[in-house]
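Worksheet: the structure to be examined is printed underneath.
2 protein chains.
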Amino acid sequence: MELTTAAPLPAPSTQASHVYDRLREDLLSGRLAPSRKLQMRFLMETYQTGQTPLREALNRLTADGLVEVREQRGFYVKDVSRAELAELTKTRCWVEALALRESMAASTPAWEEQLVLAQHRLSRVPRSLSATEFEDNPEWEKLHRIYHRTLIGQCGSQSLIAFCGQLADQLYRYRRLSISKAFPSRHVGDEHAAIMEAVLSGNADLAVKRLTAHYQRTADVILQDEAIFPELRRETARG
Amino acid sequence: MELTTAAPLPAPSTQASHVYDRLREDLLSGRLAPSRKLQMRFLMETYQTGQTPLREALNRLTADGLVEVREQRGFYVKDVSRAELAELTKTRCWVEALALRESMAASTPAWEEQLVLAQHRLSRVPRSLSATEFEDNPEWEKLHRIYHRTLIGQCGSQSLIAFCGQLADQLYRYRRLSISKAFPSRHVGDEHAAIMEAVLSGNADLAVKRLTAHYQRTADVILQDEAIFPELRRETARG
DNA sequence: ATTCCAAAAAATGTATAAATTTCTATTGCA
DNA sequence: TGCAATAGAAATTTATACATTTTTTGGAAT
């Protein structure tokens, strides 16, 4: 008998999954700019792969709302706009409020412990890698995601959780696109602690209020970022 | 000058979209049975097309929750279960309750008129094509979908509406899979009228109560259908 | 300046090759 | 003789290369 008889999930060895991960990272980080055309030739050279895995990846990303496909004229990076940011945020507040209430209604000691752990771990990692200027910390992002996922994780609906995940991804891209100099001034750690505190005390109204305020504040900061949303459209550069 | 300068949406002329539509119809109708393996060779012969358009269609259907993909071992028709039916129904009740409330909060005369029209048109078409036994009427299904889409259509969130559409599709498959002899005994037309009446009177609580009861009743009928959910699993048929 | 036509570019689709999984049958051991 | 493990063969999924179709672009003629 071996210790490891057979890996249940033998890792996504397929090339399509690998390209999907890389493309996704480049979309979320903004390295692939909004509304940019994703030409096959360019993608094949950049990611060193064939069309089949690429099409597979692009189709999945379309479902995630990060890529847009126009029949017979190719794939494009999903465009951004103030209107969409506002709508996504509004939707996320509605849906996560719902999911959080249901989670709290179905609360268990094990779930509360998960939440305490997630919040604790998040609080122990710095938001930015650099002390002088803001520099995205992947570890923090990962733990942040887990924390918010845990909040709604007890609601009892896989599809609802998955939908929240999609909204989170799309909004995450906005955050990354924004220069977000204002972020350091916010005490997001305190906000996370305050949400958890309300959850543990069983006060659903307060927990929802704090959670939605948390999301709204983030959106407000990005909405004010002039760099990401061009005021006047200048398609033909002063022609 | 021509009358039609350029068609804004020149119809999905691509083969992938065509296969997607046909596959989708066969999945929703149950002609492709749950948990069945979708082999490329079989699909290519059945739908008379190549692999590229097929993979494209299958990937989209995976995003719709009608097909499941397992890395390196192919595509499968999404399986059904009592647990999933219950969870989908629960989620739909939650999310559509939310969307309906927001629609009503943002109500306009134009929207109310849309709703009246949708309900009227639905009421004028027979639920079944045959009077003696139940036979699915595509026209009724189409109008039914429009009616429910209209109810939540004023909520102001495209992504929320799209999510509701996905849930509707997945649940529609359960309805089609079920023999549903009990359906004729229900007066679904009255239920639709009652929901609309509550909406027009501005009573959100009542409208939501009637809408969720409407969905729950449908699920309860299907849950009792012994034909779709095998009690004991008999994988090796008395071999 | 506008329209029409031709050439180029790019997306969609087909056929073929490579890699992985699954099935089958044989071998080894109790 | 029966069971488990293993190795080889078949089938199937995944990836590549090539062909076709559609869109876009550029230029010439009206």
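In order, the protein sequence lines correspond to chains A and B.
Mapping to the working numbering: the first sequence position 219 is 219, numbers consecutive.
So the mapping is simple: the working numbering equals the position in the second sequence, first residue as 1, plus 1000.
We put the beta carbon where it would ideally sit given N, CA and C, even for glycine.
Per-residue contacts from residue i into chain A (C-beta, under 9 Å)
i	result
B/A1063	N59, R60, T62, A63, D64
B/R1055	T52, R55, E56, N59
B/L1088	S157, S159
B/S1017	E71
7 Å CB neighbourhood of residue i in its chain, flanking five on each side removed
i	result
B/A1204	R1101, M1104
A/G65	K78, Q166, Q170
B/I1126	Residue identity check: residue 1126 of chain B is Pro in the sequence provided, not Ile. N1137, W1140, listed in sequence order.
A/T212	C93, A97
B/C1107	The question names Cys, but residue 1107 of chain B is Ser in the sequence shown. Correct list, in chain order: Q1154.
A/A135	Sequence check: residue 135 of chain A is Glu here, not Ala. Same-chain partners within the cutoff: S128, L129.
A/L32	D26, V77
Closer than 8 Å at the beta carbon, the chain B residues around residue i
i	result
A/L245	Residue 245 of chain A lies beyond the range of chain A shown here (1 to 239); nothing can be said about it.
C-beta contact flag for residue i and residue j at 8 Å
i	j	result
A/R92	A/L206	no
B/V1019	B/L1038	no
A/I228	A/L177	yes
A/Y76	A/R82	no
A/R210	A/I195	yes
A/L23	A/M40	no
A/A193	A/Q119	yes
A/T150	A/Q114	yes
A/S13	B/Q1072	yes
B/A1086	B/A1168	no
B/E1056	B/A1016	yes
B/I1179	B/C1164	no
B/E1197	B/H1214	no
B/S1123	B/G1189	yes
A/R121	A/L143	yes
B/R1217	B/R1186	yes
A/L200	A/E112	yes
Where residue i meets chain A, residues with beta-carbon distance less than 7 Å
i	result
B/T1091	S157, S159, L160
B/F1163	F163
Same chain, Cβ closer than 6 Å to residue i, neighbours up to 5 away in sequence not counted
i	result
B/C1155	A1099, E1102, S1103
A/L27	L66
B/V1080	P1034
A/P230	none
A/R36	V77
B/S1058	The residue you asked about is not Ser; residue 1058 of chain B is Leu in the sequence shown. These residues qualify, in order along the chain: V1067, F1075.
B/L1160	A1099
A/S29	R176
A/L43	L54
Cut-off 8 Å between Cβ atoms - residues of its own chain near residue i, not counting five sequence neighbours on either side
i	result
B/G1239	Caution applies to B/G1239, whose pLDDT of 28 falls short of 50 and renders its modelled position unreliable; the model cannot decide the point.
B/Y1047	V1019, R1022, L1023, L1054
A/V208	A97, L100, R101
A/L61	Y20, L23, R24, L27, V67
DSSP-derived helix/strand/coil call for residue i
i	result
B/D1136	strand
A/G74	strand
A/S123	helix
B/T1107	Correcting the residue type first, residue 1107 of chain B is Ser in the shown sequence and not Thr. Three-state result, B/S1107: coil.
B/S1159	helix
B/A1006	Note on B/A1006: pLDDT 35, under 50, position unreliable in the model; the coordinate value appears next. The answer is coil: DSSP assigns B/A1006 none of H, G, I, E or B.
Interface partners of residue i on chain B, CB under 9 Å
i	result
A/T49	By Cβ distance, chain B contributes nothing, its closest Cβ being about 15 Å from A/T49, past 9 Å.
A/T14	E1071, Q1072
Proximal residues of chain A, C-beta to C-beta of residue i below 8 Å
i	result
B/W1094	L98, E102, S157, L160
Enumerate, from N- to C-terminal direction, the unbroken beta strand (DSSP E) stretches of 3 or more residues contained entirely within the region 12-72 of chain A.
-> 67-70
- [ ] With a floor of 4 residues, list each alpha helix (DSSP H) that falls wholly inside the region 169-237 of chain A, ordered by position along the chain.
- [x] 188-200, 204-223
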